[in-house]
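Please read the structure below before turning to the comments.
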Amino acid sequence: MARKVHPPVEVRRSSRRRATVAAYEERGRVVVMIPSTFSETEEREWIDHMLERLRRREARDGRASDTALRARAVRLARRYYPDHPECALPVSVKWVDNQQRRWGSCTPDDGTIRISRRITMMPSWVIDYVLLHELAHLVHPDHSRPFWDLVSRYSKAERARGYLEGIADAEASA
């Protein structure tokens with residue numbers, strides 16, 4: 025019988041976290057953030073749960089594939105930025121492991137987008153937000169008012185920004 029192979033797991037406990045658990049990939053490992061009050065049993069259960077969630081999400085969304093990620097970005101661009109058909113379509117979209125302070129980046133000059141693998145465990149609506157943020161840079165390379173107007177077409181933009189800010193805050197205090 026084949027044994028399941030999981031990436032290494034790093035657990036980060038936080039006294040600021042009360043009941044929620046979050047997980048994401050970072051540099052080839054899964055980081056699971058849990059409340060500091062969790063027992064070792066609860067910790068093990070949540071690690072198993074989050075690893076299974078990652079596996080299911082990757083299977084459903086094709087998250088491990090750069091090809092699937094680009095296809096997802098193109099679908100989002102066509103849905104949210106139909107009035108920018110040429111400039112909002114990326115040449116390439118790739119998962120990368122070398123972004124530790126950014127969720128994504130874009131080079132408008134050549135139409136390339138890079139998305140941090142750290143977000144693979146995050147909810148789909150957060151990944152969509154990061155993609156739409158980077159796609160908006162293909163239209164407006166800065167963070168100008170027109171850029172934010174474009175990003176705000178996504179109804180969950182503010183919610184996703186808050187989610188990402190919470191993750192960044194938890195990482196900073198870990």
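Quick note on numbering: the sequence shown equals residues 25 to 198 in my numbering.
Just so you know, even glycine gets a beta-carbon here, dropped at the ideal spot from N, CA and C.
The model shown is predicted, which means the values in this text are computed figures rather than measured ones.
Residue closest to residue i, alpha-carbon to alpha-carbon, out of the options
| i | options | result |
| --- | --- | --- |
| V120 | P114, L113 and G128 | G128 |
| A43 | I151, R53, L162 and M57 | M57 |
| I151 | I139, R80 and H161 | I139 |
| V181 | R80, A160, K118 and T65 | In the sequence as displayed, the identity of residue 181 is Ala instead of Val. Cα-wise, what sits closest to A181 is A160. |
| D133 | N122, R126 and A112 | A112 |
| P106 | V163, S179 and W172 | V163 |
| A22 | H73, Q124 and D90 | Nothing can be reported for residue 22, as the shown portion of the chain is limited to 25 through 198. |
| T131 | D166, R102, L75 and E66 | D166 |
| R80 | W172, F171, P147 and D90 | P147 |
Under 9 Å between C-beta atoms of residue i and residue j
| i | j | result |
| --- | --- | --- |
| V45 | P59 | yes |
| P109 | E158 | no |
| R185 | Y48 | no |
| T136 | V117 | yes |
| W149 | R183 | yes |
| L204 | M145 | Summary: the structure shown does not reach residue 204, with the chain confined to residues 25 through 198, and so no result is reported for it. |
| L188 | V175 | no |
Per DSSP, the bridge partner or partners of residue i
| i | result |
| --- | --- |
| S197 | Per DSSP, none; premise fails for S197. |
| K118 | R138 |
| I58 | R37 |
| E49 | V54 |
Contact belief for residue i with residue j at Cβ below 8 Å, rounded distance in angstroms
| i | j | result |
| --- | --- | --- |
| V55 | R40 | No, V55 and R40 are not in contact; Cβ-Cβ is about 16 Å, not under 8 Å. |
| Y104 | R169 | With a Cβ gap of about 17 Å, Y104 and R169 do not count as contacting. |
| R53 | E34 | 6 Å |
| S38 | A196 | S38 to A196, Cβ: 11 Å. No contact. |
Minimum Cβ-Cβ distance from residue i to chain C less than 9 Å
| i | result |
| --- | --- |
| D133 | Included in the structure is just one protein chain, with no chain C present. |
**OP:** Entirely within the region 125 to 185 and at least 4 residues each: give me those alpha helix (DSSP H) ranges in chain order.
**Re:** 148 to 163 and 169 to 175
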